[in-house]
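Residue numbers (my numbering): 1 to 171.
Note that the Cβ used here is the ideal one computed from N, Cα and C, for glycine as well.
All figures in this text were calculated on a predicted structure; none of them were measured in a lab.
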Amino acid sequence: MNMEPRVRLEPWSAEDFWLLERKNEPAMTRFLGGPETPEQLADRQRRYEALSAREPAAGRMFRVVAAPSGESVGSVGFWERDWEGEAVYETGWGVLPEFQGRGLAVAAVAELVRHARTHGTRRSLHAFPGTDHPASNAVCHRAGFTCRGEVAFTYRGTTHPSNNWHLPLHP
């Protein structure tokens, strides 16, 4: 049985802006409030690069690369946040439309969880996909998260009904 990971994670860099532009297309932002402006994208790129330049426990953004083809298929990341009075990590991801439906998002989240367990200091990882986003909720379930119920979650200035998915990292 092949135990090689289906994906590898590479730290986000200045050369990955094209991927951010692809992830900003209407099909990719349908559940996120629509595409961002060029200025917002440039700011997101700066934040992703800055996050990946910090100490590993602060979180990371990664470009997701399919193995063994070497094709860039999306992104995944985790970052520090406070949630309900607890210091946790939040995670988010996106796989380009032409690579969706192949389990690559689940594989990327699994690799991210391994990275967060090795380098992270916070006890848990949360994801907050919209209740209307079945694919992202399925990724959470398949990646081993437990749904703690529906919450009002604010993203990019808009509050959405979202599911609070939780995964313990450290006891």
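Same chain, Cβ closer than 8 Å to residue i, five either side skipped, listed in chain order
| i | result |
| --- | --- |
| Leu51 | Trp12, Ala58, Gly59, Arg60, Met61, Gly77 and Trp79 |
| Val7 | Val64, Val65, Ala66, Ala67, Val73, Leu104, Ala107, Ala108 and Glu111 |
| Glu71 | Val65 and Phe99 |
| Ala152 | Thr159, His160, Pro161 and Ser162 |
| Gly101 | none |
Contacts around residue i, its chain only, beta-carbon distance under 7 Å, and the 5 residues preceding and following it disregarded
| i | result |
| --- | --- |
| His119 | Pro56 and Ala57 |
| Glu10 | Phe62, Arg63 and Val65 |
| Glu86 | none |
| Leu20 | Leu41, Arg44 and Gln45 |
Residue i - partner residues in DSSP beta bridges
| i | result |
| --- | --- |
| Tyr89 | Glu80 and Leu125 |
| Tyr155 | Thr158 |
| Asn164 | None; Asn164 has no bridge partner. |
| Glu150 | Asn163 |
Residue closest to residue i, alpha-carbon to alpha-carbon, out of the options
| i | options | result |
| --- | --- | --- |
| Gly149 | His126, Pro171 and Arg156 | His126 |
| Val95 | Val151, Ala27 and Tyr48 | Ala27 |
| Thr158 | Arg142, Ala143 and Gly130 | Gly130 |
| Asn24 | His166, Pro35 and Ala14 | Pro35 |
| Ser124 | Asn163, Ala152, Ala143 and Leu167 | Leu167 |
| Trp165 | Tyr89, Arg22, Leu19 and Phe17 | Tyr89 |
| Gln45 | His170, Ser69, Thr29 and Glu15 | Glu15 |
| Gly92 | Val113, Glu84 and Trp18 | Val113 |
Where the beta strand (DSSP E) through residue i begins and ends
| i | result |
| --- | --- |
| Pro11 | Val7 to Pro11 |
| Arg63 | Gly59 to Ala66 |
6 Å Cβ shell around residue i - same chain, five flanking residues per side excluded
| i | result |
| --- | --- |
| Arg156 | Gly33 |
| Cys147 | Asn163 and Trp165 |
| His170 | Arg123 |
N- and C-terminal bounds of the alpha helix (DSSP H) containing residue i
| i | result |
| --- | --- |
| Ala135 | Pro134 to Arg142 |
| Leu20 | Phe17 to Lys23 |
| Arg46 | Pro38 to Ala53 |
| Glu111 | Leu104 to His119 |
Proximity test, Cβ basis, 8 Å: residue i and chain C
| i | result |
| --- | --- |
| Trp18 | The chain inventory of the structure shown lacks chain C, comprising one protein chain alone. |
Checklist entry - Are there three or more Cβ pairs, one per stretch, closer than 8 Å when the segment 33-40 is compared with the segment 134-148? => result No, the segment 33-40 does not touch the segment 134-148.
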